[in-house]
């Protein structure tokens with residue numbers, strides 16, 4: 008083809024005119040292929056035509072909207088974005104492209120290029136038509152929307168014009184009305200003020216009649232409010248005769264009103280709320296607060312003393328005493344409820360009295376509260392003979408709960424503390440009662456054994472053997488112990504209000520139940536058994552040998568197993584400082600003689616040398632040096648080691664710190680001979696009980712070793728007590 012046949016388009020065209028590129032490509036197609044082109048430059052066939060066509064169509068659209076060349080082509084930009092022979096490039100030059108085709112491509116390739124370009128032009132034209140058809144509806148819809156918006160805005164402009172016209176008319180009318188009524192406005196304002204003043208004057212002139220009517224109808228509160236509204240005005244204008252007369256009439260009526268209120272208050276027939284209302288009205292009328300305070304407490308005392316007399320009458324000798332739970336309910340709803348009402352009303356009415364008034368109320372509550380507590384204790388004392396604690400604990404719980412409110416209102420009176428002391432005292436008495444019951448049960452078992460042993464044997468019928476009698480005694484005593492533990496455990500139940508008090512979380516469990524009840528009963532058993540063996544010529548002469556044999560076996564069983572079981576059972580139920588919050592933990596296996604062994608300082612020859620004055624007369628040795636040498640070979644105890652979150656580890660840490668504190672206290676003292684012996688006894692006693700609470704019992708032995716050794720080093724005349732004597736003292740103690 009001639010070069011000039013495709014020279015109609017301009018050499019270059021802007022990116023905003025894609026149709027110029029289309030025309031140029033058509034001209035290039037008409038020019039035909041140039042020499043030198045190969046078959047590899049043509050499309051790969053029908054499979055590659057569709058993707059290539061879509062990419063070129065998208066590239067033209069991207070180019071039209073001003074996007075980058077890489078985005079227009081749908082792929083990253085070529086190696087040379089300024090190549091004028093790139094059909095999809097922004098700097099495409101058709102003349103250069105045609106010259107390149109003619110120069111490099113043969114005729115056959117030029118013909119193929121023409122055919123391919125024509126096909127591409129047709130495909131691009133088809134894509135363009137499809138795009139236009141697809142967006143035609145949108146264009147039409149947008150045109151309709153714009154047309155409607157024009158119509159709507161035209162209507163809105165008309166309405167705004169009409170609104171502006173109406174506003175102008177309204178403004179004109181308003182200005183004309185204001186100008187017309189300007190002179191009358193001030194007159195109307197003055198008339199309104201005069202009208203309000205006349206209404207007030209009318210109220211003042213009608214005040215005496217209104218007060219009289221209110222007094223006749225018994226509307227005392229309304230009368231006091233009327234008087235309060237007019238009091239300031241009457242006092243301000245009392246120099247005027249007319250207002251002076253009104254004030255005099257009102258004072259006469261008010262005096263009669265105050266007299267009626269006082270009469271109603273002194274009659275005492277109404278309840279505490281009505282009397283409080285009377286006092287409030289009298290205070291509003293200006294009556295002296297100090298006098299009203301005394302009268303209020305006097306009337307309250309009368310009502311509360313009536314409740315106390317009613318409770319005291321129920322405790323009299325003639326009628327049977329009511330149920331303890333019913334008694335506490337009556338006292339709580341009657342006396343305690345009334346005391347709460349009195350305290351709340353007093354604090355609201357006489358708050359201006361200050362600390363003096365508060366102390367007066369506290370003394371009033373303290374006096375009457377002590378009388379109420381005395382009645383409650385009398386009634387509770389009648390329950391000490393029973394064995395069931397459930398009803399008693401419920402009564403104590405309600406008694407304690409009802410005193411929370413007055414305890415909070417009257418903190419200075421100490422009612423809550425007094426109630427807690429009563430509960431604690433009753434709990435101690437119940438522990439003593441159960442201890443006596445266990446002792447009586449043990450003596451009863453021994454009596455049954457003696458009767459069984461002394462009963463005549465019927466021919467052909469054998470009586471119970473000693474083994475059976477021993478089993479019966481052991482099971483009976485154990486069942487009584489468990490029953491007593493279950494009964495006193497009610498005092499520490501979670502639903503009981505006073506169970507979270509420090510006494511029931513500590514002293515009641517450890518000192519009361521464990522030491523007082525269980526250990527006390529075990530000691531009582533030992534003393535009773537010992538009494539059968541003491542002075543056989545006087546007391547034990549009539550004791551059957553079989554009974555002594557049975558008691559010996561019973562004591563042996565208790566020493567080896569039963570005591571440990573009972574104490575463990577007690578600890579699980581009543582040691583609530585750690586046991587309720589953490590699991591048990593792991594402890595090392597304990598030796599079988601842990602509860603009765605004496606630790607090494609009493610029996611080891613090397614430890615005896617710690618407090619011996621000298622080893623031989625010719626070769627004295629420094630005991631301090633010997634002690635330090637022995638410490639080098641002893642296991643070091645880390646007192647402040649990390650504690651795991653379980654019961655055994657926590658208790659071990661507490662015991663280690665406590666024994667370390669005891670050791671430091673011993674190091675600060677100088678001991679005599681008997682002081683050293685007392686330290687021996689104390690340490691052995693501690694060892695008897697502390698070993699079962701720690702993870703490793705050897706910790707207790709080593710620390711107590713150090714305590715006794717330190718006391719021996721600080722003793723000028725160290726004469727230790729024999730280990731057997733120490734054991735006897737601790738067992739009998």
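Numbering (the working numbering), first residue to last: 8 to 740.
All C-beta atoms, glycine included, are put in the ideal place defined by N, C-alpha and C.
Remember, predicted model here, so these are calculated numbers, not experimental data.
8 Å Cβ shell around residue i - same chain, five flanking residues per side excluded
i: residue 407; result: 426, 427, 430, 504, 505
i: residue 554; result: 453, 456, 457, 460, 539
i: residue 395; result: 494
i: residue 359; result: 296
i: residue 218; result: 230, 233, 234, 257, 260, 261, 264
i: residue 557; result: 456, 473, 476, 477, 480
i: residue 222; result: 230, 260, 263, 264, 267
Helix, strand or coil at residue i [DSSP, three-state]
i: residue 285; result: helix
i: residue 540; result: coil
i: residue 722; result: coil
i: residue 647; result: coil
Environment of residue i [buried if 16+ CB atoms lie within 10 Å]
i: residue 532; result: buried
i: residue 672; result: exposed
i: residue 160; result: exposed
i: residue 192; result: exposed
i: residue 656; result: buried
i: residue 95; result: buried
i: residue 124; result: buried
i: residue 480; result: buried
i: residue 694; result: buried
i: residue 376; result: buried
i: residue 663; result: buried
i: residue 659; result: buried
i: residue 573; result: buried
i: residue 729; result: exposed
i: residue 120; result: buried
i: residue 220; result: exposed
i: residue 100; result: buried
i: residue 414; result: buried
i: residue 366; result: exposed
i: residue 298; result: exposed
Cβ shell of residue i (< 6 Å), same chain only, five flanking positions each side left out
i: residue 371; result: 304
i: residue 54; result: Model confidence at residue 54 stands at a pLDDT of 45, short of 50, so the residue's coordinates are unreliable and nothing is read from them.
i: residue 581; result: 516, 520
i: residue 271; result: 285
Start-to-end residues for the alpha helix (DSSP H) that takes in residue i
i: residue 477; result: 473-496
i: residue 567; result: Residue 567 -> no alpha helix (DSSP H), and no H or E assigned at all.
i: residue 246; result: Looking at the DSSP string, residue 246 is not in any alpha helix (DSSP H), and its letter there is neither H nor E.
i: residue 7; result: A query on residue 7 cannot be resolved here, the shown segment of the chain reaching from 8 to 740 and no further.
i: residue 525; result: Note, residue 525: premise wrong, no alpha helix (DSSP H); not H, not E.
i: residue 672; result: 654-674
i: residue 516; result: Careful: residue 516 lies outside any alpha helix (DSSP H) and carries neither H nor E.
i: residue 351; result: 344-356
i: residue 443; result: 422-461
i: residue 333; result: 331-338
i: residue 101; result: 101-111
i: residue 306; result: 296-321
i: residue 341; result: Note, residue 341: premise wrong, no alpha helix (DSSP H); not H, not E.
i: residue 362; result: 362-388
i: residue 500; result: Careful: residue 500 lies outside any alpha helix (DSSP H) and carries neither H nor E.
i: residue 404; result: 397-409
Own chain partners of residue i with C-beta closer than 7 Å, once the 5 adjacent residues on each side are dropped
i: residue 738; result: none
i: residue 736; result: 688
i: residue 669; result: 714
i: residue 449; result: 484, 532, 535
i: residue 314; result: 341, 342, 345
i: residue 717; result: 670, 673, 674
i: residue 364; result: 300, 357
Is there contact between the region 340-357 and the region 408-425, where contact requires at least three CB pairs shorter than 8 Å? yes
Evaluate the contact criterion for the region 359-374 versus the region 436-454: three or more CB pairs, one atom per stretch, below 8 Å. no
Are the region 723-738 and the region 670-690 in contact at 8 Å, needing three or more beta carbon pairs? yes
Could you tell me whether the region 126-142 touches the region 105-117, where touching means 3 or more Cβ pairs closer than 8 Å? no
Between the region 562-571 and the region 519-534, do at least 3 Cβ pairs fall closer than 8 Å? yes
Would you call the region 312-320 in contact with the region 373-387, where contact means no fewer than 3 C-beta pairs closer than 8 Å? yes
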